[in-house]
Structures are given as structure tokens and as C-alpha cells.
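In this note's numbering, the protein residues as written are 8 to 657.
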């Protein structure tokens, strides 16, 4: 068949240049806000404030601002000020008809942080932060104080609604003030600023840059029964050491200290404390931006601490120290690290993970030098901390040994496949094995699973069609071997469902044609080689959603096009803008989404694969026709059923 053969389309549609949509200015932000701030929920709304606060923090870190002000005017409006240099207001060289201020507020990828001329270290390097805030605000007003003049301009939904007005200001007054109200048509009327959330955010920022003064104030009406103050000057002269004290009572720690080290091009500030029974925590930041998923700076920090303890153990001839891992040390640790580097590369606009590889080696080497010296000069304390880590290590190894013994009955008969991520529960009751399509999807599934009862086995591509293969070829296939070994019940006539290592086997593939094909191949395999698995009620199909619909702070998932249309006509009928995202595959889903929709027994939907004695003959013939060697029955089935195919996902 010629790849370029024409076929009659399912519907009479055209596809020409006029169908190509070009989004200009800030239209892409309003069209797909989730790409820039992670969604349209309450967390995303607060992220708008974070973007503006980070700009003010950059001025402070660069040494131009000493004070930042944050005022919650009402639940939907916030003002953020700083006494830095003020956003430039002179005409922009590339757009002489506009001020630099207007260019920054209305153009993606504009700003003063793409080189290190204006900022040596900054948190917002994407050049989209304040313009995204502007695009998603129903009203924004900016005031700039420079050279004895106050410049004011207003905006709405990314567009200027006034010219740049001027009036005299005091000669010593300088800086920037931005007041904005998030657009209710994007975020919904129920999503509003929370005083406690903003206040705690400001405290975290103040800890990260010791000495900076942040003036917080809000009206009493916006305090929801917590201890959030109406007004407070937030300032921490000891920086991260004060932060450590806020995370845990320092008197409960065996040891705690803080310092900073100079890097080749930047610096690392850190504080660490040990104590038995601690709620272990490691918080990492880069240029005052929280990196909840860690990154290169956090990995290097953990490596340095681990190597220092191992080295100290060798120095005092403690042989067990060689088996210590990072988790053993950080089991009883609360730590905060804060890196300041030029041109940080974050994962995504929400900046949850640092990617700069060049910082790893300097952090690891210089921090290890510092810790080696500290451990030697505080030998008694160092030995106590080392023994604490060794205790954790021994407990970890003991748990692993017990788990291996408890689950070894089936494992002794055949080796388990290397890619299998097993669960920890001792007996089979309630355990589940997910057969997952591809490494990307299995990566999300590993994070989303319940480690106690849910195991993951990634499958590479499409499994062999055993209906057309000889037994020798089928049993030699690597994917068939992996599944057989993981289940532990044998194969073919020797299969014994009583020896299964898992209570349920769940096929979890993408919600598309390829996923359906893989599911069909797997069901064919189980029907022909492990039929008692089906008749015993052990086989299930996961039901991942195809769409995510978000509006007004509400997120609902749809299994297919029909449910999506139904939700738009009912649940989301009152919203003028509904963000509809289509999952191309399980690998695109965040672990939390995959858990919520597909893996959590309390919220998911599973299809149970049933096979009754009455249906056995019909099923056997059906599989032979569709999956067997003969083409004619399959071709006949397609001819007879093509009339029922309304839409094809190809």
C-alpha cells in the first residue's frame, strides 16, 4: 500500500492555512495557563504572587533592595513593593514606541536576567514571570519610582489600559510597586489569596536571605482563625540557622550548625541538625526558589555528607561505615540548603528541580572538605552521629533480609525479572502486579504506587502474539519470561494459580489504540498460557482517563470523548473557559494524577476480565479469528463491523 494513497475521510472537513492558529503577545498564556503556572487552582493563583515576590527578592540578593513590602488588600488583590532600582521606563531600543516597562509586562521572554550584567544570581530567568502575572490578571497597576519621578501604568489581561503617567516623587524614593487581581474567569471565584499561605511564604523567603526586611500586612477580616499576624516586620539575621530552629526545637538535636561555602561562581548556604525521632526533612532552594523535587545541588549535598561520614568511619577504623548510604544518615536529619548561582536551569516554569550539572562537583568537593574538618575536630559528637547512621543501616539491611526471606518461596524457584519493582507485603492477599507499558509510564507508576501492596513490571513494547507463535518461540520471548517469572505460578499445563505471588494482575496501558492492542496481546497470552488466572478472577484492566478538565479551581477527569462532552454540558456548563488537556499516555501523567485516577483502590475503576464455562467456546473462537494465523476471519470481522466505527484514533 502506498503511504500517500488517499482515502475517503470520515467527515467532510478541510485542512488549510486558515486552520493554523497563531497566538500573539500573551495570548498563549491565557489559552494554556497550566503550561506557565502549573494549572488554574488555588496553588497556581498563589504562584502569581510568588513570581512577583521573586523579582523583589532578586533585587535584594543583588544588593539593590533592603526592604520588601507585601500587603493583602483583600482576598483577591495583593500589592508587592521593593525599594530596589525600579523597572526601567525609558524607551526600549527594539520597540522605541514602548517603554521598557511595557515591554516587560506584555512580552514573553523579556527581562533583565538573560545575561549576568544586571543580576549575577536571580530566581526568575525565564523572562516570563511578571508578564504571565499580567496576562492572568483582570487588573494590574505598576508604579515605578526612579530619579525623583513616580511612573504609573495600568493593565488588564495582558494589555495596557493606560499610558505611562508621571508625577513628582521624593528624590530618595525608589523601587517598584505592583498591585494585581487574578482573573476570576481563569481561576474561578472560589480561588482566593490565603493570608496564612502568603505569610508563611514570606517567612521562608526571609530565612533564605538573612538580613532582608519584609513588611507584611493584611486586614483582620482575611485571617481565618489562625495565628497569622495583621502586621509584622519579618527579618532573620541568622538566616538558615533560624530556619532550622523553626523546623525543630534545637534543644532536641544532638548537633546542629550552619555555614556557607564559596563556589567557583556563586555560593552555598546550609544548615543541618541531627536528632533521634525527628521528622526527617531536607529543604533545598536555588536563588531563593524552593526546589521541592531537589536537583543537582541537593544530590551533591547528600553525596558530600555521605562521603564525609564514610571517610570518618575509615579514619577511626569503623568497618561498618563502608555500608552507610545517604538514607541512613538523613533518617534523623533536618537540613536546609540554599544555593546562589548564575543562570540556573530549572525543570519547567514552576521551577521545582535544579538541573545545572556544573554545580555538583564544586558543592560536593568543598562541602566534603568542610565536613571532614568538622567531624575530626568534634570527634566525640561525630562518633555518636556515625553510630546513629550505622544503627539505621543495620535496621535497613535487616528489613531487606526479612523481606527476602518472607517472599523467597516463589523467588527460589525462578529468578525475578530485573525490572520488577516488588511490593513489601509478606503474604499474597491484597497484593497487585501492574503490567505497565514503557519505562516512562512505569516511572510515574513507581512513584504513585502503594509500596506495601503494589508491584510494577514495565513492559518493553508490544508483547509477542502467542496465538501465532509456537510454544518454543513464545516461552523464549523475554517479555513472556518476565511476566511468568514475576507471577511465579508457572505457564501452560503446569500453571498453578495457588502459587501466584500476587492477588491481582492489572494491565495498565495508554488509553489509545496502541494501548488497546497491547492489552489484547496480554489477554491473549493469559487466555492461552495461564487460563486459570482469568477463571480464578485475578486479571483486571486499569481505566486511565483520556482527558483532564479544569475550571474555577475544579478538576475532573474523563475516560473518553463521550464523558468529556457530558462533563462540558453539565459540570462545567457555567464556565466560559474550561481548560481541557488530553493525556497522550500514562507517562505524561504526574504520579499524583496517576494515583488519584488509576491506582488508588479508593478512587479508581477497574474492569475485571471474566471467563465463564458457557463463554469458553465462543471466546476460543473469537481469539482464533482475531489473533490467529489466518487472515480471512480477521478481514471478515473488519468488514462486518466497520459500519460501527464512528471515529478512528489513528
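Backbone N, C-alpha and C fix where the C-beta goes; we use that ideal spot for every residue, glycine too.
Check                                                                                                                                                                 : Outcome
If you follow the beta strand (DSSP E) that residue 250 is part of, which residue opens it and which one closes it?                                                   : First-last for residue 250: 247 to 254, but that is the alpha helix (DSSP H), not the beta strand (DSSP E).
What does the alpha-carbon distance come out to for the pair residue 388 and residue 551?                                                                             : 52 Å
Can you tell me whether residue 382 sits near the ligand SAM, meaning its C-beta is under 8 Å from at least one heavy atom of the ligand?                             : In the structure shown, the ligand SAM is absent, as is every other ligand, since no ligand is present at all.
Taking the beta carbon of residue 287 as the centre, do at least 16 other beta carbons fall within 10 Å, making it buried, or is it exposed?                          : exposed
Output the distance between the C-alpha atoms of residue 81 and residue 88, rounded to the nearest integer angstrom.                                                  : 16 Å
Once the 5 residues before and after residue 52 are set aside, which same chain residues still bring their CB inside 6 Å of it?                                       : 189, 194, 198
Between residue 264 and residue 282, is the Cβ-Cβ spacing less than 9 Å?                                                                                              : no
Are the beta-carbon atoms of residue 250 and residue 211 separated by less than 9 Å?                                                                                  : yes
Quick check: what's the CA-CA separation for residue 417 versus residue 536?                                                                                          : With a pLDDT of 45 at residue 417, under the threshold of 50, the modelled position of this residue cannot be trusted; read the value that follows with caution. Looking at the two C-alpha atoms, the distance is approximately 19 Å.
Assuming residue 462 contacts residue 440 under a Cβ cut-off of 8 Å, what Cβ separation, rounded to an integer in Å, is found between them?                           : 5 Å
Measure the Cβ-Cβ separation of residue 541 and residue 526 and say whether it is below 9 Å.                                                                          : no
According to DSSP, is residue 336 helix, strand or coil?                                                                                                              : helix
Would you mind sorting residue 122 into buried or exposed? The rule is 16 or more other CB atoms within 10 Å of its CB.                                               : Confidence at residue 122 is low in this model, with a pLDDT of 39, below 50, so its placement is unreliable and the value that follows should be read with caution. So residue 122 counts as exposed.
Going by DSSP in three states, residue 597 sits in which element: helix, strand or coil?                                                                              : coil
Report buried or exposed for residue 432, applying the criterion of at least 16 other Cβ atoms within 10 angstroms of its Cβ.                                         : buried
Determine whether the beta carbon atoms of residue 482 and residue 343 lie at a separation below 9 Å.                                                                 : no
Assign residue 163 to one of three DSSP states: helix, strand, or coil.                                                                                               : strand
Based on the DSSP output, what are the partners of residue 615 in its beta bridges?                                                                                   : 547
How would you label residue 602, buried or exposed, when you count the other beta carbons within 10 angstroms and need 16 or more for buried?                         : buried
For residue 383, which residues does DSSP report across the bridge?                                                                                                   : Beta-bridge pairing links residue 383 to no other residue.
Are the beta-carbon atoms belonging to residue 72 and residue 91 less than 9 Å from one another?                                                                      : yes
What runs of the beta strand (DSSP E), each 3 residues or longer, lie entirely inside the segment 467 to 534?                                                         : 511 to 515
Where does residue 376 sit, in a helix, a strand or coil, going by DSSP?                                                                                              : helix
On a Cα-Cα basis, can you pick out the residue from 504, 508, 464 that is closest to residue 487?                                                                     : 464
Looking only at its chain, what residues have a beta carbon closer than 7 Å to the beta carbon of residue 361, apart from the 5 residues adjacent to it on each side? : 293, 298, 302, 303, 304, 351, 353
Hey, quick one: how far does the alpha helix (DSSP H) through residue 35 stretch, first residue to last?                                                              : 34 to 38
Which value, in whole angstroms, describes the spacing of the CA atoms of residue 384 and residue 319?                                                                : 11 Å
My parser needs the alpha helix (DSSP H) runs of 4 or more residues fully inside the segment 143 to 229; what are they?                                               : 191 to 194, 202 to 215
Around the C-beta of residue 401, are 16 or more other C-beta atoms found within 10 angstroms, so that it is buried, or is it exposed?                                : exposed
Short check: CB of residue 144 to CB of residue 159, under 9 Å?                                                                                                       : no
Shortest alpha-carbon distance to residue 6 belongs to which of 577, 448, 307?                                                                                        : Because the chain in this structure spans residues 8 to 657, residue 6 falls outside the shown range and cannot be described.
Buried or exposed for residue 569, please, with buried defined as at least 16 other CB atoms from any protein chain shown within 10 angstroms of its CB.              : exposed
Nearest-angstrom Cα distance between residue 196 and residue 49?                                                                                                      : 11 Å
What are the start and end residues of the beta strand (DSSP E) that includes residue 263?                                                                            : 262 to 270
At what residue ranges does the segment 68 to 110 contain a whole run of the beta strand (DSSP E), taking only runs of 3 or more?                                     : 74 to 81, 84 to 89
Got a sec, what are the start and stop residues for the beta strand (DSSP E) residue 561 sits in?                                                                     : 561 to 565
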